[in-house]
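S.K.:
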Amino acid sequence: MALTTPARPRVSTAPERRRPSSTAARRRLAKTAVMVGLILGAVFAAGPVLWMLSSSFKSNTQIFELPPRLITDTFSFDAYVSIFTNPETVRFFINSYVVAGAVTVLTLLVAIQAAYAFSRFEFRGKRIVNVIIVSVQAVPPITLLIPYFGLMVGLGLYNTYPGLIFTYMVFTLPYAIIMMTGYFNTLPKELDEAVRVDGAGSFTALWRVLVPISIPGIVSVGIYTFMIAWNEFLFALTLTRTIDMRTVPIGIQLLMGQHSYEWNQIMAMSILGSIPVLVLFLFFQRFFISGLTAGSVKS
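Mapping of the sequence shown onto this note's numbering: position 136 corresponds to residue 202, and the numbering continues sequentially without gaps.
Put into structure tokens, the structure is as follows:
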């Protein structure tokens, strides 16, 4: 009787297919969700701006046509022509540039020197003054509207450039001082001491040494200050009376008439009013981001 050996199981030589791990799948799902969220956020943020830009090249009838179209067959520059040929609207832009520029320069001059004093010196009442500066930031501006109106009228600054400039500086200075103090705290004090050893004073140390290497912080504070002064509406409306003293935000509001709205001109003026801040941010973006980051950390 012949003996038979049991058959051996065949061993497959083909490489085994590995199933993707659950961790890798979750990571891909998370990345996809993040990308979808970013795209939706970008559409949500850019949609109104694109519609505003498109509407500025339409007539008022085309803006309300159904179905709405982002891109029309014909573009009209009538809204921009009306703005640039109207002396009143041109005056709005001049006023905004004068006020915002003056507020930015004066705020930086005061904030740099005040921040240097807070960062480098110890004096009586330093903590109290710091508390006051921070407290001013917590006060809602609307609560100061009536007192400032009475103050400007009493000082003879109502409907003037100085009235707007000094009022805006009250709201821009505290933030500027806080940010510049934090930035100066990141700079070593040995720089000041080296200048004093050479026989120079604190004024020279500030403007010849610290200010040139503090450009990122100064730029970030300057852009923030310019944005606040350029976009402010409430005090510009209350503290001015005549057309020749109105700023861009008030000019946009004045295009809303009693019986009709000039929507295309409103959109065009909004686009033109956004350009200065956008250009400043794009041109100084590198300094702006590094200035905010350095100024928020104390070494």
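Glycine included, each C-beta is placed from N, C-alpha and C at the ideal position.
Which residue from P228, V169, F237 puts its Cα closest to that of I199?
M.R.: Nearest option by C-alpha distance: F237.
S.K.: Since S286 is in the alpha helix (DSSP H), which residue starts that stretch and which ends it?
M.R.: Segment 281 to 297, the alpha helix (DSSP H) holding S286.
S.K.: Measuring alpha carbon to alpha carbon, tell me which of Y227, V287, L104 ends up nearest T173.
M.R.: With distances taken between Cα atoms, T173 lies closest to V287.
S.K.: Counting C-beta neighbours from all protein chains within 10 Å, is the total for N330 16 or more, i.e. buried, or is it exposed?
M.R.: Label assigned to N330: buried.
S.K.: Report the rounded CA-to-CA distance for P114 versus S122, giving the unit in angstroms.
M.R.: P114 and S122: Cα-Cα distance of roughly 12 Å.
S.K.: Within its chain, find whatever has a CB closer than 6 Å to the CB of F141; leave out the 5 residues flanking it on each side and keep chain order.
M.R.: Counting only Cβ-Cβ distances below 6 Å, and skipping sequence neighbours, we find F123.
S.K.: Name the two residues that bound the continuous alpha helix (DSSP H) containing T238.
M.R.: Unbroken alpha helix (DSSP H) run through T238: 227 to 251.
S.K.: Just reading off the alpha helix (DSSP H) that Y214 is part of, what are its end residues?
M.R.: Looking at the DSSP string, the run of the alpha helix (DSSP H) that includes Y214 is 211 to 221.
S.K.: State the Cα-Cα distance for the pair S340 and R262, rounded to the nearest angstrom.
M.R.: Going by the C-alpha atoms only, they are around 45 Å apart.
S.K.: Which partner residues does Y327 have in the DSSP bridge list?
M.R.: M322.
S.K.: In whole angstroms, what is the alpha-carbon distance linking V100 and V109?
M.R.: Looking at the two C-alpha atoms, the distance is approximately 14 Å.
S.K.: Apart from the five residues just before and just after A166, which ones in its own chain have a Cβ nearer than 6 Å to its Cβ?
M.R.: Excluding positions up to five away in sequence, the list reads F292, A295, W296.
S.K.: Can you grab the Cα-Cα spacing for the pair M322 / E328, in whole Å?
M.R.: M322 and E328: Cα-Cα distance of roughly 7 Å.
S.K.: If we ignore side chains and look at the alpha-carbon of each, how far apart do M118 and T226 end up?
M.R.: Computed Cα separation, rounded: 32 Å.
S.K.: DSSP on T170, reduced to helix/strand/coil?
M.R.: Residue state, collapsed to three classes: helix.
S.K.: Look at the alpha carbon of S365 and the alpha carbon of E259, and state the distance between them as a whole number of angstroms.
M.R.: Bear in mind that a pLDDT of 41 at S365, under 50, signals an unreliable position, so the number given afterwards is only what the model happens to contain. If you take the alpha carbons of S365 and E259, they lie about 18 Å apart.
S.K.: State yes or no: is the C-beta of F350 within less than 8 Å of the C-beta of V285?
M.R.: Contact: yes.
S.K.: Please name the residue in N161, L210, I289, R135 whose C-alpha comes closest to that of V343.
M.R.: Out of N161, L210, I289, R135, I289 has the C-alpha closest to the C-alpha of V343.
S.K.: A303 and I318: beta carbons closer than 8 Å?
M.R.: The residue you asked about is not Ala; residue 303 is Leu in the sequence shown. Cβ distance not < 8 Å, so L303 and I318 don't count as in contact.
S.K.: Would you check if there are 3 or more beta carbon pairs closer than 8 Å linking the stretch 140 to 160 to the stretch 214 to 234?
M.R.: Touching, no.
S.K.: Roughly how many whole angstroms lie between the Cα atoms of A177 and L116?
M.R.: C-alpha separation (whole angstroms): 37 Å.
S.K.: Grab the span of the alpha helix (DSSP H) containing M101 for me, first residue to last.
M.R.: Note, M101: alpha helix (DSSP H), 88 to 121.
S.K.: Under 8 Å Cβ to Cβ from G107, same chain only, skipping five residues before and after it: list those, please.
M.R.: So no residue of the chain qualifies.
S.K.: At which residues does the alpha helix (DSSP H) containing F350 begin and terminate?
M.R.: Here F350 belongs to no alpha helix (DSSP H), and DSSP marks it neither H nor E.
S.K.: Rounded to a whole number of angstroms, what is the C-alpha to C-alpha distance between N126 and D144?
M.R.: One C-alpha to the other measures close to 11 Å.
S.K.: Let me know the secondary structure DSSP gives V363 once reduced to three states.
M.R.: Confidence at V363 is low in this model, with a pLDDT of 45, below 50, so its placement is unreliable and no value can be given for it.
S.K.: Please classify V205: does DSSP put it in a helix, a strand, or coil?
M.R.: The answer is coil: DSSP assigns V205 none of H, G, I, E or B.
S.K.: CB-CB under 8 Å to T308, same chain, minus the five flanking residues each way: which ones, in chain order?
M.R.: Same-chain partners within the cutoff: N225.
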